[in-house]
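Participant: Numbering-wise, numbering that gives the first Met the number 0 puts 250 at position 251 of the sequence shown, and it's gapless, one number per residue.
For every residue, glycine included, the Cβ atom is placed at its ideal position computed from N, Cα and C.
Below are the structure tokens for one structure; questions will follow.
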Amino acid sequence: MRPIPIIFFHYGNSDYLKYSLKQARYFNPDAEIYLIGDKSNNKYSFVKHVMASDFSDAGAQFTPVYKHQSPNSYNYELNCFLRWFYVRDFCKANNIEAFIYLDSDVLVFQDFTKLVPLFNKARIANTCEENGVPAFTYFKDYKTISSFCDYMVKSYTEKAAVARLDSIYESFENDPEMVGGICDMILFHLYFHDHPEGALKVDFVTDDIAIDSNIKRPDIYEMENGFKKIYWKEGLPYGKNAVSGKLIRFAALHYQGNAKDVMRQHYTAGGYRVAKYLEDRGVKSKVKQAKKSIKGLFKNK
Numbered sequence: 000m001r002p003i004p005i006i007f008f009h010y011g012n013s014d015y016l017k018y019s020l021k022q023a024r025y026f027n028p029d030a031e032i033y034l035i036g037d038k039s040n041n042k043y044s045f046v047k048h049v050m051a052s053d054f055s056d057a058g059a060q061f062t063p064v065y066k067h068q069s070p071n072s073y074n075y076e077l078n079c080f081l082r083w084f085y086v087r088d089f090c091k092a093n094n095i096e097a098f099i100y101l102d103s104d105v106l107v108f109q110d111f112t113k114l115v116p117l118f119n120k121a122r123i124a125n126t127c128e129e130n131g132v133p134a135f136t137y138f139k140d141y142k143t144i145s146s147f148c149d150y151m152v153k154s155y156t157e158k159a160a161v162a163r164l165d166s167i168y169e170s171f172e173n174d175p176e177m178v179g180g181i182c183d184m185i186l187f188h189l190y191f192h193d194h195p196e197g198a199l200k201v202d203f204v205t206d207d208i209a210i211d212s213n214i215k216r217p218d219i220y221e222m223e224n225g226f227k228k229i230y231w232k233e234g235l236p237y238g239k240n241a242v243s244g245k246l247i248r249f250a251a252l253h254y255q256g257n258a259k260d261v262m263r264q265h266y267t268a269g270g271y272r273v274a275k276y277l278e279d280r281g282v283k284s285k286v287k288q289a290k291k292s293i294k295g296l297f298k299n300k
């Protein structure tokens, strides 16, 4: 079987990005791995870098109709939606059909091509469905990601769909215990609900292999210090079913939010020893802050 391509989308060169990219390469040595990004992250020779600016028209349909209903900033949330349009246009330009999209805060512990036969009967498969986060998403072909992008546009232009989002957002506003708003994750949940015949949830690929949607969520697993407790066997991570005690191997782990600081501790692909040492001690962040302060002094002169 031809290795399935893996696509990342990321602006900036966050400290954790290098771990995600190299880990994906380590476990998928023969796959085409693409990073759609900007000049700042065009520095990883083991992946194919693509300038997002080459597809600047990608959001032409969506941006004018987007309605901001989120506690996150407008630009942050809009870019989360727009990434799918950039990926769509990139796939079209490069004749890419089946592929896997990974969030840039995911560590891979699996050759994904070996897993594809387990879910390739679906048109779209991810760790989302009714809840969860689409940190891992399999698209069977270009037609499927194009369909999802069309669905997002319709969600902000068709009267009934707009009312549906308004109602969901109202639930967030009226319940102080609910945190969040309308985001691309919500649209994935709705897309799965409206397209059940072609959608598959893959938090459990088999009874023995799982793809984590968020390391901070217990799901069915033991927790430790606010994260899933990870058991290591032969360099691979496992979670323990809190009821049965069974160990289940993780093909990927998702470090959402402040869990990103844990990525370097779980990273196993080699290299970056100096970077890990400095980041563990907070040195790199202090240096970055000092550089910003120095630049600010010169700007103010």
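Can you name, in chain order, every residue of its own chain whose Cβ lies under 6 Å from the Cβ of residue 153, other than the five neighbours on each side?
Facilitator: Taking the first residue of the sequence shown as 1, we reach residue 153 at position 154. Cβ within range, chain order: 160.
Participant: Return the residue from the list 63, 16, 23 that minimises the CA-CA distance to residue 40.
Facilitator: Counting from 1 along the sequence shown, the entry for residue 40 is found at position 41. Checking every option, the nearest Cα to that of residue 40 belongs to 16.
Participant: If contacts are defined as beta-carbon pairs under 8 Å, then residue 121 and residue 209 qualify, I think. What distance do you get, rounded to the angstrom?
Facilitator: For the purposes of this step, residue 121 is taken as the residue at position 122 of the sequence shown. For the purposes of this step, residue 209 is taken as the residue at position 210 of the sequence shown. With 8 Å as the limit, residue 121 and residue 209 do not qualify as a contact, their Cβ atoms being about 17 Å apart.
Participant: Run through the stretch 201-226 for me and flag every whole alpha helix (DSSP H) of 4 or more residues, listed as ranges in chain order.
Facilitator: Here no run is fully enclosed.
Participant: Taking only the alpha-carbon atoms, compute the straight-line gap between residue 36 and residue 155 and give it to the nearest angstrom.
Facilitator: Within the sequence shown, numbered from 1, the residue matching residue 36 stands at position 37. Within the sequence shown, numbered from 1, the residue matching residue 155 stands at position 156. Approximately 26 Å, taken between the alpha carbons.
Participant: Just to confirm before moving on: does the CB-CB distance between residue 244 and residue 211 stay below 9 Å?
Facilitator: What you label residue 244 is simply residue 245 of the sequence shown in a count that begins at 1. What you label residue 211 is simply residue 212 of the sequence shown in a count that begins at 1. No.
Participant: Taking the continuous alpha helix (DSSP H) assigned at residue 25, which residues delimit it?
Facilitator: Residue mapping note: residue 25 aligns to position 26 of the sequence shown, counting from 1. First-last of the alpha helix (DSSP H) with residue 25: 16-26.
Participant: Give the single residue among 183, 112, 93 whose Cα lies nearest to the Cα of residue 2.
Facilitator: In the sequence shown, counting from the first residue as 1, residue 2 sits at position 3. For residue 2, the nearest C-alpha among the options comes from 112.
Participant: When the Cα atoms are used, what is the spatial distance from residue 19 to residue 95?
Facilitator: Here residue 19 corresponds to residue number 20 of the sequence shown, with the count starting at 1. Here residue 95 corresponds to residue number 96 of the sequence shown, with the count starting at 1. Going from the Cα of residue 19 to the Cα of residue 95 covers about 22 Å.
Participant: Alpha carbon to alpha carbon, how far is residue 224 from residue 276?
Facilitator: Within the sequence shown, residue 224 is the residue found at index 225, counting from 1. Within the sequence shown, residue 276 is the residue found at index 277, counting from 1. Their backbone Cα atoms lie some 22 Å apart in a straight line.
Participant: Who are the Cβ neighbours of residue 91 in its own chain at under 7 Å, not counting the five residues just before and after it?
Facilitator: For the purposes of this step, residue 91 is taken as residue 92 along the sequence shown, with counting starting at 1. Closer than 7 Å at Cβ, skipping near neighbours: 141.
Participant: Given a cut-off of 9 Å on the beta-carbon distance, is the pair residue 203 and residue 101 in contact?
Facilitator: Counting from one through the sequence shown, the residue named residue 203 turns up at place 204. Counting from one through the sequence shown, the residue named residue 101 turns up at place 102. For residue 203 and residue 101, no; Cβs fall outside 9 Å.
Participant: Among residues of its own chain, excluding the 5 on either side of residue 104, which ones have a beta-carbon nearer than 8 Å to its beta-carbon?
Facilitator: As a first step, residue 104 must be located in the sequence shown, where it is residue number 105. Result list for residue 104: 15, 19, 134, 253, 254, 255, 258, 259, 262, in chain order.
Participant: Which runs of the beta strand (DSSP E) at least 3 residues long sit entirely within the stretch 110-155? Give them in chain order.
Facilitator: Correct list: 123-125, 135-138.
Participant: Note down the Cα distance separating residue 62 from residue 77, rounded to an integer number of angstroms.
Facilitator: Here residue 62 corresponds to residue number 63 of the sequence shown, with the count starting at 1. Here residue 77 corresponds to residue number 78 of the sequence shown, with the count starting at 1. So the alpha carbons of these two residues sit roughly 8 Å apart.
Participant: Confirm, please, whether the CB-CB distance from residue 200 to residue 97 is below 9 Å.
Facilitator: In the sequence shown, the residue the question calls residue 97 occupies position 98. In the sequence shown, the residue the question calls residue 200 occupies position 201. Against a cut-off of 9 Å, the Cβ pair of residue 200 and residue 97 comes out as no contact.
Participant: Going by DSSP, what residues sit across from residue 240 in a beta bridge?
Facilitator: Locating residue 240 in the sequence shown gives position 241, where the first residue counts as 1. Per DSSP, 220.
Participant: Looking at the unbroken beta strand (DSSP E) that takes in residue 248, where does it start and where does it end?
Facilitator: Numbered from 1 along the sequence shown, position 249 holds the residue referred to as residue 248. From DSSP, the beta strand (DSSP E) with residue 248 extends over 246-253.
Participant: Within the continuous beta strand (DSSP E) that includes residue 107, where are the two ends?
Facilitator: For the purposes of this step, residue 107 is taken as residue 108 along the sequence shown, with counting starting at 1. Per DSSP, residue 107 belongs to the beta strand (DSSP E) from 105-107.
Participant: Measure how close the beta-carbons of residue 106 and residue 271 come, nearest whole angstrom, since I'm counting them as under 8 Å.
Facilitator: Numbered from 1 along the sequence shown, position 107 holds the residue referred to as residue 106. Numbered from 1 along the sequence shown, position 272 holds the residue referred to as residue 271. In fact, because the Cβ distance is near 13 Å, the residues do not count as touching under 8 Å.
Participant: Note down the Cα distance separating residue 74 from residue 65, rounded to an integer number of angstroms.
Facilitator: For the purposes of this step, residue 74 is identified with residue 75 of the sequence shown, where counting begins at 1. For the purposes of this step, residue 65 is identified with residue 66 of the sequence shown, where counting begins at 1. One C-alpha to the other measures close to 11 Å.
Participant: To the nearest angstrom, report how far apart residue 281 and residue 143 are at their CA atoms.
Facilitator: Here residue 281 corresponds to residue number 282 of the sequence shown, with the count starting at 1. Here residue 143 corresponds to residue number 144 of the sequence shown, with the count starting at 1. When rounded, the distance between both Cα atoms is 42 Å.
Participant: Mind checking residue 4: buried by the 16 CB within 10 Å criterion, or exposed?
Facilitator: Here residue 4 is taken as the residue at index 5 of the sequence shown, counted from 1. Burial call: buried.
Participant: Quickly, what does DSSP pair residue 6 with across the bridge? List them, please.
Facilitator: For the purposes of this step, residue 6 is identified with residue 7 of the sequence shown, where counting begins at 1. Residue 6 pairs with 33, 100.
Participant: Please name the residue in 22, 0, 11, 83 whose C-alpha comes closest to that of residue 268.
Facilitator: The sequence position of residue 268 within the sequence shown is 269, counting from 1. Residue 22 is the option with its Cα nearest to residue 268.
Participant: How far does the beta strand (DSSP E) with residue 95 in it reach, from first residue to last?
Facilitator: Walking along the sequence shown from the start, residue 95 turns up at place 96. Careful: residue 95 lies outside any beta strand (DSSP E) and carries neither H nor E.
Participant: Using the rule of at least 16 other Cβ atoms within 10 Å of the residue's Cβ for burial, across every protein chain shown, is residue 290 buried or exposed?
Facilitator: Taking the first residue of the sequence shown as position 1, residue 290 is located at position 291. Low per-residue confidence applies at residue 290: pLDDT is 49, beneath 50, and the placement is therefore not dependable enough to give any value.
Participant: Report the CB separation of residue 81 from residue 58 in whole angstroms; it is logged as a contact under 8 Å.
Facilitator: In the sequence shown, counting from the first residue as 1, residue 81 sits at position 82. In the sequence shown, counting from the first residue as 1, residue 58 sits at position 59. Confirmed, about 4 Å.
Participant: Between which residues of its own chain and residue 178 is the CB-CB distance below 8 Å, once the five residues before and five after are set aside?
Facilitator: Position 179 of the sequence shown, counted from the first residue, corresponds to residue 178. Closer than 8 Å at Cβ, skipping near neighbours: 70, 171.
Participant: In or out: residue 45 buried (at least 16 other Cβ within 10 Å) or exposed?
Facilitator: Stepping through the sequence shown from its first residue, residue 45 is reached at position 46. Exposed is the call here.
Participant: In angstroms, rounded to a whole number, what distance separates the CA positions of residue 226 and residue 215?
Facilitator: In the sequence shown, counting from the first residue as 1, residue 226 sits at position 227. In the sequence shown, counting from the first residue as 1, residue 215 sits at position 216. Distance between the alpha carbons of residue 226 and residue 215: 5 Å.
Participant: On a CA-only basis, which of 220, 11, 79, 28 is nearest residue 187? Give me that one, please.
Facilitator: In the sequence shown, counting from the first residue as 1, residue 187 sits at position 188. Comparing Cα positions, the closest option is 79.
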